[in-house]
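Numbering (the UniProt record's numbering), first residue to last: 1 to 198.
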């Protein structure tokens, strides 16, 4: 990890800590990182493509508001810069589904910062992989649902067993050079259309 994007908002960019030697950009540059700074969502979206991670110097309640568009532009770790200003909210704010991969503070040593960023990157990519696998599983479940409905319709309409209906579906998909779920979906939709008309 080499290049970081530090994101401030109107509240944090005028913070005395931000203007001092304890600001995230000053500290991260002193640790050897290339740092860009964004104060608006437009700036952040323009700079995110070159960044290896986003450092969110924001109140915890604003993290999701900023993280959603950033994730849509690039999969990269998002790390919360926790200070006395950004952490003044009650613990109940932490119960929200906050999308951060790690937490940094201005009082960490360079080695701690490097390790947090390293683990944050690992966490980010594992979470992204898990979300992709979850989407694939949900898609398979949805496909299975259409295939099972089509099997039920075919076995009832043709007076055959469900295994024979499955074979019929598979054969039809091969003949039409379509995916089995597409053939099953067509069968179910036609059946529902006919049922609605009667």
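Cβ atoms here follow ideal geometry from the backbone N, Cα and C, with glycine treated the same way.
DSSP beta-bridge partners for residue 146?
Locating residue 146 in the chain shown gives position 146, counting from the first residue. Residue 146 is not bridged by DSSP to any residue.
Between residue 113 and the rest of its own chain, which residues show a CB-CB distance below 8 Å, the 5 nearest in sequence each way excluded?
On the chain shown, residue 113 is found 113 positions in, with the first residue counted as 1. So the qualifying residues of the chain are 27, 28, 31, 104.
Less than 8 Å between the beta carbons of residue 75 and residue 100, yes or no?
Counting from 1 along the chain shown, the entry for residue 75 is found at position 75. Counting from 1 along the chain shown, the entry for residue 100 is found at position 100. For the pair residue 75 and residue 100, the CB atoms are not nearer than the 8 Å cut-off.
Beta-carbon within less than 6 Å of residue 55's beta-carbon, same chain only, minus the 5 sequence neighbours each way: which residues are those?
Taking the chain shown and counting its residues from 1, the one referred to as residue 55 is at position 55. Answer for residue 55: 4, 6, 24, 79, 81, listed in chain order.
In the structure shown, what three-state DSSP assignment does residue 32 receive?
By one-based count along the chain shown, residue 32 stands at place 32. Coil, per DSSP.
Taking the alpha-carbon of residue 102 as reference, which of 85, 122, 110 has the nearest alpha-carbon?
By one-based count along the chain shown, residue 102 stands at place 102. Ranked by how close their Cα comes to the Cα of residue 102, the residues 85, 122, 110 have 122 in first place.
Which whole-angstrom value describes the C-beta separation of residue 174 and residue 147, a residue pair presumed to lie in contact below a C-beta threshold of 8 Å?
Taking the first residue of the chain shown as 1, we reach residue 174 at position 174. Taking the first residue of the chain shown as 1, we reach residue 147 at position 147. So it is not a contact: roughly 14 Å between Cβ atoms.
From residue 66 to residue 149, what distance separates their C-alpha atoms?
Residue numbering aside, residue 66 sits at position 66 when the chain shown is read from its first letter. Residue numbering aside, residue 149 sits at position 149 when the chain shown is read from its first letter. So the two alpha carbons sit approximately 42 Å from each other.
With DSSP run on the structure shown, which of helix, strand or coil describes residue 108?
Here residue 108 refers to the residue found at position 108 of the chain shown. Reduced to three states, the DSSP call for residue 108 is coil.
Quick one: Cα of residue 190 to Cα of residue 164, how far?
Indexing the chain shown from 1 puts residue 190 at position 190. Indexing the chain shown from 1 puts residue 164 at position 164. Straight-line Cα distance between these residues: approximately 20 Å.
Alpha carbon to alpha carbon, what distance is there between residue 139 and residue 117?
Here residue 117 corresponds to residue number 117 of the chain shown, with the count starting at 1. Here residue 139 corresponds to residue number 139 of the chain shown, with the count starting at 1. When rounded, the separation of the alpha-carbon atoms in residue 117 and residue 139 is 33 Å.
Which partner residues does residue 188 have in the DSSP bridge list?
One-based indexing of the chain shown puts residue 188 at position 188. Bridge pairing for residue 188: absent [DSSP].
Would the C-beta of residue 115 count as close to the ligand SAH, meaning under 7 Å from any of its heavy atoms?
Absent from the structure shown: the ligand SAH. Ligands present: none.
Here's the rule I'm using: 16 or more other beta-carbon atoms within 10 Å means buried, otherwise exposed. How should residue 8 be labelled?
Numbered from its first residue, the chain shown carries residue 8 at position 8. The residue in question, residue 8, is buried, as its Cβ has 16 or more Cβ neighbours within 10 Å.
Option nearest residue 52 by Cα separation, candidates 124, 69, 41
Along the chain shown, one-based indexing puts residue 52 at 52. Minimum Cα distance to residue 52 is reached at 124.
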